[in-house]
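**Q** Numbering (UniProt numbering), first residue to last: 1 to 307.
For every residue, glycine included, the Cβ atom is placed at its ideal position computed from N, Cα and C.
Quick caveat: nothing in here was measured; it's all calculated off a predicted structure.
There's a structure below that I have some questions on.
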Ligand SMILES: Cc1ncc(COP(=O)(O)O)c(C=O)c1O
C-alpha cells in the first residue's frame with residue numbers, strides 16, 4: 001500500500017476522490033449459503049477508511065467558510081484520521097494541527113511527520129480522550145486561528161458513510177445484504193452506514209466493541225470506560241458484541257494465510273464479529289469493513305509473525 005500524497009483525479013474543491021472501494025468475498029470464512037464480505041477501505045487516499053470522514057469534514061468546512069488557507073484544521077486522532085486530513089489537505093497546500101497520543105505507533109508518527117503535520121503529542125495514558133481535551137484547550141486559546149474539526153461530534157463524519165459507504169454496499173450486493181457488522185471508534189462508520197442501510201432494506205446492524213478497556217484494537221473505543229462520541233446513537237444497533245484482541249490477532253494470521261490479505265487488528269476484529277453472526281443464521285450476506293492494513297502496526301506484526 002502506498003500512501004498517496006498527490007492524486008490525479010480531484011473533486012471540485014481540489015480534493016482527491018474517495019470511496020468506491022472493492023467489496024471482497026472472504027471465501028475462507030464463507031459457505032454457499034452464508035457469505036462474508038469486506039470493504040477494502042485501505043484502498044483510498046491516506047490508506048484508510050478515514051478518507052471518507054476527512055473528505056466530508058473538510059469539504060463542509062470549506063463550503064461554510066470555516067476552513068481556508070489561513071485557518072488550520074485542528075483535531076484529535078489516534079492516527080488514521082490525521083493521516084487522511086494531511087493527505088487530502090496536502091493537495092491544497094494546507095497543513096493540519098493534530099493532537100495525537102504519544103504512544104501512537106512510530107509508523108503513524110513517521111508518516112505524519114513526512115506529511116508536514118503540526119503534531120502535538122498528548123498523554124499516552126489518556127488515549128484519544130486526552131488528545132481531545134488538549135485540542136479543545138488549543139482551540140479555546142486561539143479560536144480565530146483554527147477550525148476545530150472534532151470528528152467525534154462532527155455530523156459530516158457519519159453523513160460521509162450514509163452518503164457513500166452504505167450506497168456502495170447496497171449497489172455492490174445488489175441489495176442482498178442481510179447484516180452489517182462494524183466496530184465503534186468515533187462511531188461514524190457504524191452510524192452512517194447503518195442508518196442508510198436500514199432505510200434501504202431489512203438489514204440487521206451489529207455493533208462491536210473491545211471486551212476490555214485495555215485492548216489491541218487501535219481505532220476502537222471501549223464505550224463503557226471512554227468518552228462516548230456525540231454522534232453515537234445507542235438505539236441503532238440490533239445486536240452489540242464484544243471482541244477479544246487475541247482472537248483478532250489470530251484472525252490476522254488466518255486471513256494472511258488463506259486470503260493473502262494483510263489486514264489490521266480492527267479489520268480482523270470485524271471479521272470475528274461477522275463469523276459470530278454467521279454462526280447464528282442459515283442464509284445471508286454479511287458485510288463488514290477493513291479500515292486499514294497491518295503496515296501501520298509493526299509491533300502487532302512482530303507479535304503475530306515473530307519477525
Ligand atoms: C483502524 C481503525 N479501525 C476502525 C476505526 C473506527 O471507525 P469509526 O471512527 O468510523 O467508528 C478507526 C477510526 O479511527 C480506525 O482508525
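With 8 angstroms set as the bound, which would you pick, yes or no: does the beta-carbon of residue 77 sit closer than that to a beta-carbon of chain D?
**A** Of the protein chains in the structure, only one exists, and it is not chain D.
**Q** Would you mind sorting residue 237 into buried or exposed? The rule is 16 or more other CB atoms within 10 Å of its CB.
**A** Buried, since its Cβ has 16 or more Cβ neighbours within 10 Å.
**Q** Throw me the rounded Cβ distance for the residue 213 and residue 227 pair, which I believe falls under 8 angstroms.
**A** Contact doesn't hold; Cβ gap of about 12 angstroms is too wide.
**Q** Can you tell me which of the three DSSP states residue 276 falls into?
**A** DSSP places residue 276 in helix when its eight states are reduced to three.
**Q** Okay, do the region 63-78 and the region 133-148 touch, 3+ Cβ pairs below 8 angstroms being the bar?
**A** At 8 angstroms Cβ cutoff, the stretches touch.
**Q** Which of helix, strand or coil does DSSP assign to residue 245?
**A** Correct three-state label for residue 245: helix.
**Q** Taking only heavy atoms of ligand 1 into account, decide whether any of them is closer than 7 angstroms to the Cβ of residue 239.
**A** Because no heavy atom of ligand 1 lies under 7 angstroms away, the Cβ of residue 239 does not count as near it: no.
**Q** Fully enclosed by the region 150-205, which beta strand (DSSP E) runs are 3 residues long or longer?
**A** List check, beta strand (DSSP E) in window: 179-183.
**Q** Is there contact between the region 264-279 and the region 50-69, where contact requires at least three CB pairs shorter than 8 angstroms?
**A** They do not touch, by the three-pair rule.
**Q** Cβ of residue 152 within 8 angstroms of Cβ of residue 191?
**A** Not closer than 8 angstroms, so no.
**Q** Could you tell me whether any non-hydrogen atom of ligand 1 is closer than 7 angstroms to the CB of residue 105?
**A** Flag unset: Cβ of residue 105 not near ligand 1.
**Q** Name the DSSP beta bridge partners of residue 122, please?
**A** Bridge partners of residue 122: 101.
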